[in-house]
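Scroll down for the structure; my scribbles are underneath it.
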Amino acid sequence: GIQVEQSPPDLILQEGANSTLRCNFSDSVNNLQWFHQNPWGQLINLFYIPSGTKQNGRLSATTVATERYSLLYISSSQTTDSGVYFCAVGYNFGNEKLTFGTGTRLTIIP
Amino acid sequence: GAGVSQTPSNKVTEKGKYVELRCDPISGHTALYWYRQSLGQGPEFLIYFQGTGAADDSGLPNDRFFAVRPEGSVSTLKIQRTERGDSAVYLCASRAGTYAYEQYFGPGTRLTVT
Chain D
1 GIQVEQSPPD LILQEGANST LRCNFSDSVN NLQWFHQNPW GQLINLFYIP SGTKQNGRLS
61 ATTVATERYS LLYISSSQTT DSGVYFCAVG YNFGNEKLTF GTGTRLTIIP
Chain Z
1001 GAGVSQTPSN KVTEKGKYVE LRCDPISGHT ALYWYRQSLG QGPEFLIYFQ GTGAADDSGL
1061 PNDRFFAVRP EGSVSTLKIQ RTERGDSAVY LCASRAGTYA YEQYFGPGTR LTVT
């Protein structure tokens, strides 16, 4: 099956810092989602981004499908950004099940 | 509108017992998924429903696990003869339909088998 690798596994930053999270995947996909799992365990949708670039406030994401990677950018970090960020990939027009990476744990220190 | 809901939020059971976990998808969503998340890992796919039928159950670990969605809305994940290794957070997700690709997740049920 498809492999999804995320880096770094852990990231500790001061409030206000910027960060880049990376997701590499082993096969062509046409579904890619970024999620934030908050400390209570809820998975929150950040981006549906199988290709291209999107921005939403302080967050943006870029997927280069031909090179099989995606990047999530967080600017001006806040303590509420803490949690685990997951990249998940899949194939549309099939069953669209998602394969998740192991996540990046982000800790923002006040 | 209301998101995906799951009940119970926590379930503690003894080894060998039977449990049922419930998922209420977003209203009108035709596709429903069950995933399982172990500590420190990303969610792993269990089963996918399109409407009432299980379109893909390839992620179910063994025949102790079964899921139904009789009316194409609410789904129940059933686990027989629970084992300690079944302890995990069970997540449900729904998706609007054929040309809507984002999955939306519920808060999960934390299952602990003692």
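Protein sequences, first through last, are from chains D and Z.
Under our numbering, the first residue of the first sequence is numbered 1, with each subsequent residue one higher.
Under our numbering, the first residue of the second sequence is numbered 1001, with each subsequent residue one higher.
Even for Gly, the Cβ is constructed at its ideal location relative to N, Cα and C.
Continuous beta strand (DSSP E) stretch holding residue i: start and end
{"i": "G1053(Z)", "result": "1053 to 1056"}
{"i": "D1024(Z)", "result": "1019 to 1024"}
{"i": "V4(D)", "result": "4 to 7"}
{"i": "I49(D)", "result": "Segment: none, I49(D) is in no beta strand (DSSP E) and carries neither H nor E."}
{"i": "N18(D)", "result": "Taken as a continuous stretch (DSSP letters only), N18(D) belongs to no beta strand (DSSP E), as it is neither H nor E."}
Local conformation of residue i per DSSP, three classes
{"i": "T102(D)", "result": "coil"}
{"i": "K1011(Z)", "result": "strand"}
{"i": "I108(D)", "result": "strand"}
{"i": "T1112(Z)", "result": "strand"}
{"i": "W40(D)", "result": "coil"}
{"i": "D10(D)", "result": "strand"}
{"i": "S28(D)", "result": "coil"}
{"i": "Q1103(Z)", "result": "coil"}
Within-8 Å CB hit, residue i to chain Z
{"i": "G41(D)", "result": "yes"}
{"i": "L98(D)", "result": "yes"}
{"i": "T102(D)", "result": "yes"}
{"i": "Y48(D)", "result": "yes"}
Beta-carbon separation (whole angstroms), residue i vs residue j, contact threshold 8 Å
{"i": "S75(D)", "j": "L106(D)", "result": "Between L106(D) and S75(D) the Cβ distance is about 13 Å, and since that is not below 8 Å, they are no contact."}
Any C-beta of chain D under 8 Å from that of residue i
{"i": "D1056(Z)", "result": "yes"}
{"i": "V1068(Z)", "result": "no"}
{"i": "Q1103(Z)", "result": "yes"}
>> To test your reading of the DSSP string, which unbroken beta strand (DSSP E) runs of 3 or more residues are found completely within the stretch 51 to 93 of chain D?
In response: 52 to 56, 59 to 64, 69 to 74, 83 to 90
>> List, from N- to C-terminal side, the beta strand (DSSP E) runs of 3 residues or more that fit wholly inside the stretch 1026 to 1101 of chain Z.
In response: 1031 to 1037, 1044 to 1050, 1053 to 1056, 1065 to 1068, 1075 to 1079, 1088 to 1095
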